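Residue numbers (my numbering): 3 to 597. A virtual CB, placed ideally from N, CA and C, is assigned to each residue, including glycine. None of the values given here were measured: they were computed from a predicted structure. A short worksheet on the structure shown next.
This is the structure in structure tokens:
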């Protein structure tokens, strides 16, 4: 029976170590070198599907302990492969059915990822006997009562003759992401709905459905070939040379590459390392250019005489075309990278845009994708031209917008601090974006704006729009003004605006925790951080029957970390005061109570 397996089933998962600490990219790097023993993650399409059953079978075939395995349900085959790419991990996917033939969706995804460079090994394969069951809600007693049947496309194909026999014509057959999802959806239907699902027997048991018929596949000997794929995600240890190694990004990259086992050397014009740029190129297998945007093409061209065909060249600038054009003047492999975050922030959960301009050698393809997987970042594959085009929208437009707003406040002589007394949550967020921009070094933003070839055109469009707005306001043309709102809303679409509103509500919730009357902030240094510290703090409050309604954590810089807690009780109550005094009196770690 399915339920006899003591395996963790989850729709999504975050690996945690034995001290209840979320894994960082550093931990993942250590994991790849064998320093942390983790559960074997096995990606499958969905729960209570044939793929789910195949995964259980592979666990036994590989003689793995069930408690050492974690089956992760991904919802779609595209997600299965995306999660496998994060590695190290396994995936169970169907590649062929004895009735329906090759599973094109799976082979298409697999070929696409292997073309990029993912070196996924087929660890095992076997043929699973497929027995399809017709399931329905309890109020349906006969198959002929059904008005519609839903399932995965392949399952519907494999049961075509039976569906014809009960009057379910092709126009009354609905596709679902998986057989398990079809059964789950049918289980949620109302009492008068007459829809059934084709799914494994285990789905009937899990969702409380009635089995109307079993073995309904057109061919009794119906088998699907499943494969167990493994992504070891091993990053070959090479010598990485960083030109600009003493800059913020250079230092971040140095730490990262050392963590995944690479040797790192570098040069820097502002702070000498004892090596010149050409010496770094001569001694490296991978060369990374981490210098200001405007200097990057020139620096690249200055070292081209020392570049070898067997090397890999990369840059980390936020404008890709000029740098990539310069690197392509060599015969080396070329990939442009753009980390979409400040160097003080870790890779985890951030986005890195990767632009493979010349990545034809399999060994370097595999090295690049495994290296990127080790970062723990979300990887967006793109071309240099597409990247630069979208950066106009993602970077140039917001930065110019925030700068213009900040200058309006500045040149109008409005007191920023006094305006906060009149603030709304929206204004506080907008002001924070302006403040963060103007607090940074202008050099980077100057290059982002001025080096992007599409900036001038986009700025001209903005000026034209503002001129139209000015005319509408002068004319008090309310209809035209509202029409612009409608035009923009329609272009954004309901999915984007819905997500935007949900995100804003989350931001409001965080602001409520940060600035609420019943909130307090605890600060400690990075050296004082301990595994289980948040749990220890929470225990102090729970022992006094104090209910926490919100927790927010943030690393303000490289040294200070803060927890902001909000309470159901009054911040001024004796119980909260005593709890805070206990925390502040700890000898180790030292925690400071603010506000």
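Among residues of its own chain, excluding the 5 on either side of residue i, which ones have a beta-carbon nearer than 7 Å to its beta-carbon?
i, result
"residue 41", "70, 71 and 72"
"residue 398", "450, 451, 454, 457 and 460"
"residue 543", "550 and 581"
"residue 77", "48 and 179"
"residue 36", "Reliability fails at residue 36, whose pLDDT of 41 lies under 50, so the model's placement of it is uncertain and no value is given."
"residue 296", "449 and 453"
"residue 572", "520"
Give me the Cβ distance between residue i and residue j, rounded to the nearest whole Å; I'm assuming they're in contact under 8 Å.
i, j, result
"residue 521", "residue 294", "Their Cβ separation, rounded to whole angstroms, is 41 Å, which puts residue 521 and residue 294 out of contact at 8 Å."
"residue 60", "residue 83", "Incorrect: roughly 17 Å between the Cβ atoms, too far for contact."
"residue 593", "residue 583", "The Cβ separation is near 11 Å, so there is no contact."
"residue 170", "residue 191", "So it is not a contact: roughly 16 Å between Cβ atoms."
"residue 315", "residue 332", "7 Å"
"residue 524", "residue 595", "6 Å"
"residue 79", "residue 117", "Wrong, their Cβ atoms sit about 17 Å apart, outside the cutoff."
"residue 309", "residue 283", "6 Å"
"residue 96", "residue 181", "Not really, about 11 Å apart at Cβ, beyond 8 Å."
"residue 352", "residue 341", "7 Å"
Within a Cβ cutoff of 6 Å, which residues of the same chain sit near residue i, ignoring the five residues on either side of it in sequence?
i, result
"residue 241", "265, 286 and 287"
"residue 373", "237"
"residue 358", "337"
"residue 104", "98"
"residue 384", "355 and 357"
"residue 217", "133"
"residue 206", "137 and 213"
"residue 555", "565"
"residue 88", "375"
"residue 143", "none"
"residue 168", "145 and 146"
"residue 65", "none"
"residue 159", "102"
Using 10 angstroms around the beta-carbon of residue i, count the other beta-carbons present and answer buried if the total reaches 16, otherwise exposed.
i, result
"residue 299", "buried"
"residue 51", "buried"
"residue 429", "exposed"
"residue 53", "buried"
"residue 335", "buried"
"residue 279", "buried"
"residue 421", "exposed"
"residue 479", "exposed"
"residue 184", "buried"
"residue 313", "buried"
"residue 415", "exposed"
"residue 568", "buried"
"residue 317", "buried"
"residue 467", "exposed"
"residue 259", "buried"
"residue 252", "buried"
"residue 515", "buried"
"residue 249", "buried"
"residue 24", "With a pLDDT of only 35 at residue 24, under the threshold of 50, the placement of this residue in the model should not be trusted; the figure read from the coordinates follows. Residue 24 comes out exposed."
"residue 31", "Residue placement at residue 31 is flagged as unreliable, the pLDDT there being 46, under the threshold of 50; the coordinate-derived value follows with that caveat. By the 10 Å Cβ count, residue 31 comes out buried."
Do residue i and residue j have their CB atoms nearer than 7 Å?
i, j, result
"residue 243", "residue 292", "no"
"residue 386", "residue 323", "yes"
"residue 527", "residue 561", "yes"
"residue 177", "residue 102", "no"
"residue 100", "residue 186", "no"
"residue 161", "residue 232", "no"
"residue 319", "residue 349", "no"
"residue 234", "residue 90", "yes"
"residue 229", "residue 124", "yes"
"residue 126", "residue 63", "yes"
"residue 446", "residue 404", "no"
"residue 130", "residue 56", "yes"
"residue 263", "residue 239", "yes"
"residue 510", "residue 427", "yes"
"residue 203", "residue 92", "no"
Return the chain-ordered list of same chain residues with a C-beta closer than 8 Å to the C-beta of residue i, the five sequence neighbours on each side being excluded.
i, result
"residue 15", "Reliability of the predicted coordinates at residue 15 is poor, the pLDDT of 34 falling under 50, and the value obtained from them is presented with this limitation in mind. Answer for residue 15: 43, 72 and 74, listed in chain order."
"residue 210", "140 and 189"
"residue 361", "119, 335, 336, 337, 367 and 370"
"residue 390", "321, 322, 323, 454, 455 and 456"
"residue 475", "483"
Should the stretch 189-202 be called in touch with the stretch 141-153, which here means at least 3 C-beta pairs below 8 Å?
yes
Say whether the stretch 544-552 touches the stretch 529-536, bearing in mind that this needs 3 or more beta-carbon pairs closer than 8 Å, one atom from each stretch.
no
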